[in-house]
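The next block holds one structure in the form of structure tokens; read it before the comments.
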Amino acid sequence: MAEKLRSGYTTGTHATATLIACVHECVSQKESELLEIALPQQKVAAIEVLRERAYFYSSIKGDNDDIDVTKGAKISCQLLRERPSVVKEQTPSIIEIKNTKLFIYAGEGVGVVTKKGLKIAPNYPAINPTPLAMMRENVEVILDDEVRELYAVFYVENGEKIARDTANAKVGVLGGISILGTRGIVKPVSASAYIDSIETEIDVAAAESQEIILFTLGNTAVDFAKEHYDETSIVEIGNFVYDASTRLKKHNFKKLIFITSVAKMTKVAQGFKNTHNKYGTIDFEEVKKWLREELGVDLGDEEFVTLKGVLQSLPQEVHRDFVALLTQKAAKQLRAWLVELGVCVDAVEVISLPQKVSFLCYN
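Count along the sequence shown starting at 1, add 57, and that's the number in this note's numbering.
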């Protein structure tokens with residue numbers, strides 16, 4: 058039996074817990090060690106917190122089986138009764154509950170938004186709407202009717218270093234990580250977080266008035282794209298070709314450029330919406346049929362397990378025509394998906410590497 062994968066809690070859940078501990082101490086003079094935090098969809102999380110000093114609590118983001126660079130991060134909150142004097146330049150988010158006005162700041166290790174297109178407006182702390190809503194819901198049950206202003210500053214230890222392994226700088230979140238979460242829970246090996254990051258990068262490119270959007274699949278494709286195009290327009294889509302395409306619906310880019318290896322391009326040509334091997338492998342019988350019917354090359358009964366093997370079996374003078382054929386078929390398949398999804402782009406170009414063969418088609 059396969060081992061059950063571990064879930065965890067988001068940075069937003071841990072940040073909420075540290076804030077609630079601070080507010081508890083402020084309102085009722087009670088110190089906290091373990092808190093029940095109300096999550097979206099009527100779920101509850103038990104989160105451990107550590108009192109560092111008066112009105113200053115931290116929580117360690119636990120381990121889980123998701124691909125998550127913030128695992129083990131120390132997230133802290135300091136609650137003040139006066140506006141903080143030493144914080145980076147920003148406009149605080151404001152939560153108003155009963156007679157309390159709560160100002161939310163990004164401290165060291167928490168980013169500040171600098172570009173349009175994100176869920177948070179520029180110059181505000183990179184604390185997303187769901188964590189802010191969780192903070193409101195959990196604080197509301199603690200506060201009395203006293204009139205007060207409170208100032209919460211969030212910190213993430215080594216947050217700037219952690220952020221280097223994220224797309225934050227590219228999308229304009231500077232100075233640290235983002236405080237995220239849509240459900241409060243990190244699901245193990247979930248694709249949703251990656252697809253959300255794809256959507257965010259697309260939104261930022263649109264907000265930056267980019268007319269071209271580039272989808273890259275694989276490190277070589279990323280490097281090639283960076284050499285030839287504006288980095289803001291480049292989105293690393295992993296294997297999520299179709300899912301990434303659906304995120305274009307709300308925008309009006311003039312051109313989509315898709316860059317990947319010829320092997321991945323073959324999968325797209327054969328209709329794989331996700332090119333990960335768990336969704337299937339290249340149908341080499343179909344590849345041989347294409348060669349035979351469209352290029353007049355018959356590879357007979359020879360069996361293949363890689364596209365490289367096919368290329369090695371072909372005469373050198375056919376290589377480029379073969380890659381061009383695969384590239385053309387992939388472009389037409391991608392264009393068909395965009396039409397199916399109702400995505401409006403004037404042109405689709407695909408580029409196969411390492412041969413640098415491209416095919417351009419218009420809608």
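Glycine included, each C-beta is placed from N, C-alpha and C at the ideal position.
Would you decide whether MET192 is buried or exposed? Buried here means 16 or more other CB atoms lie within 10 Å of its CB. On the sequence shown, residue 192 is found 135 positions in, with the first residue counted as 1. Result: buried.
Under 6 Å Cβ to Cβ from PHE109, same chain only, skipping five residues before and after it: list those, please. Locating residue 109 in the sequence shown gives position 52, counting from the first residue. Contrary to the premise, residue 109 reads as Glu rather than Phe in this sequence. Result list for GLU109: SER115, in chain order.
I'd like to know if the segment 300 to 309 and the segment 399 to 413 are in contact, where contact means that at least 3 CB-CB pairs between them fall below 8 Å. yes
Spatial neighbours of ALA103 in its chain, beta-carbon cut-off 7 Å, leaving aside the 5 residues before and after: Against the sequence shown, residue 103 aligns to sequence position 46. Cβ neighbours of ALA103 beyond the five flanking positions: LEU91 and GLU93.
Starting from VAL213, trace the beta strand (DSSP E) in both directions and tell me its first and last residue. For the purposes of this step, residue 213 is taken as residue 156 along the sequence shown, with counting starting at 1. Element bounds for VAL213: 205 to 213.
Beta-carbon separation (whole angstroms), PRO182 vs VAL167, contact threshold 8 Å: Start at 1 with the first residue of the sequence shown, and residue 182 comes out as number 125. Start at 1 with the first residue of the sequence shown, and residue 167 comes out as number 110. Contact flag correct, Cβ pair sits at about 6 Å.
Kindly confirm or deny that the segment 289 to 298 and the segment 269 to 281 touch, where touching means at least three C-beta pairs closer than 8 Å. yes
When we look at the beta-carbon of LYS118 and count the other beta-carbons within 10 Å, is it buried (16 or more) or exposed? Taking the first residue of the sequence shown as 1, we reach residue 118 at position 61. With 16 or more Cβ atoms within 10 Å of its Cβ, LYS118 is classed as buried.
Three-way DSSP call (helix, strand, coil) for TYR286 in this model: Here residue 286 corresponds to residue number 229 of the sequence shown, with the count starting at 1. Of the three classes helix, strand and coil, the one that applies to TYR286 here is coil, per DSSP.
State the start and end residues of the unbroken alpha helix (DSSP H) segment that holds VAL298. Numbered from 1 along the sequence shown, position 241 holds the residue referred to as residue 298. Taken as a continuous stretch (DSSP letters only), the alpha helix (DSSP H) holding VAL298 covers 298 to 303.
May I have the straight-line CA-CA distance separating ASN185 from THR171, to the nearest angstrom? Counting from one through the sequence shown, the residue named residue 185 turns up at place 128. Counting from one through the sequence shown, the residue named residue 171 turns up at place 114. Cα to Cα, ASN185 sits roughly 14 Å from THR171.
Residue range of the beta strand (DSSP E) that THR157 falls in? For the purposes of this step, residue 157 is identified with residue 100 of the sequence shown, where counting begins at 1. Segment 157 to 163, the beta strand (DSSP E) holding THR157.
Using DSSP with H/G/I as helix, E/B as strand and the rest coil, what is ARG221? Taking the first residue of the sequence shown as position 1, residue 221 is located at position 164. Correct three-state label for ARG221: coil.
Is DSSP giving LYS306 helix, strand or coil here? One-based indexing of the sequence shown puts residue 306 at position 249. DSSP places LYS306 in coil when its eight states are reduced to three.
What does the alpha-carbon distance come out to for the pair GLN327 and VAL298? Here residue 327 is taken as the residue at index 270 of the sequence shown, counted from 1. Here residue 298 is taken as the residue at index 241 of the sequence shown, counted from 1. When rounded, the distance between both Cα atoms is 13 Å.
Does the structure place the segment 335 to 343 close enough to the segment 316 to 327 that three or more beta carbon pairs sit under 8 Å? yes
Hey, ALA111 and TYR162: beta-carbon distance below 8 Å or not? Here residue 111 corresponds to residue number 54 of the sequence shown, with the count starting at 1. Here residue 162 corresponds to residue number 105 of the sequence shown, with the count starting at 1. Cβ distance not < 8 Å, so ALA111 and TYR162 don't count as in contact.
Touching or not, the segment 124 to 141 and the segment 201 to 215, by the rule of three or more beta carbon pairs under 8 Å? yes
For PHE416, the three-state DSSP class (helix, strand or coil): To locate residue 416, count along the sequence shown from 1; it is residue 359. In the structure shown, PHE416 sits in a strand (DSSP, three-state: E or B).
PRO141: which of LEU237, HIS333 and PHE160 sits nearest, CA to CA? Mapped onto the sequence shown, residue 141 falls at position 84. The option with the nearest alpha carbon to PRO141 is PHE160.
Report the rounded CA-to-CA distance for ALA282 versus PRO149, giving the unit in angstroms. Counting from 1 along the sequence shown, the entry for residue 282 is found at position 225. Counting from 1 along the sequence shown, the entry for residue 149 is found at position 92. Spanning the two alpha carbons is a distance of roughly 36 Å.
Counted within 10 angstroms of its Cβ, other Cβ atoms place ASP260 as buried (16 or more) or exposed: As a position in the sequence shown, residue 260 is number 203, starting the count at 1. Label assigned to ASP260: buried.
From ARG138, LYS173 and THR384, pick the residue whose C-alpha is nearest to that of ARG205; which is it? Along the sequence shown, read from residue 1 onward, the residue named residue 205 stands at position 148. Cα-wise, what sits closest to ARG205 is ARG138.
How is the alpha helix (DSSP H) around TYR251 delimited, first residue to last? Position 194 of the sequence shown, counted from the first residue, corresponds to residue 251. Counting along the chain, the alpha helix (DSSP H) containing TYR251 begins and ends at 249 to 264.
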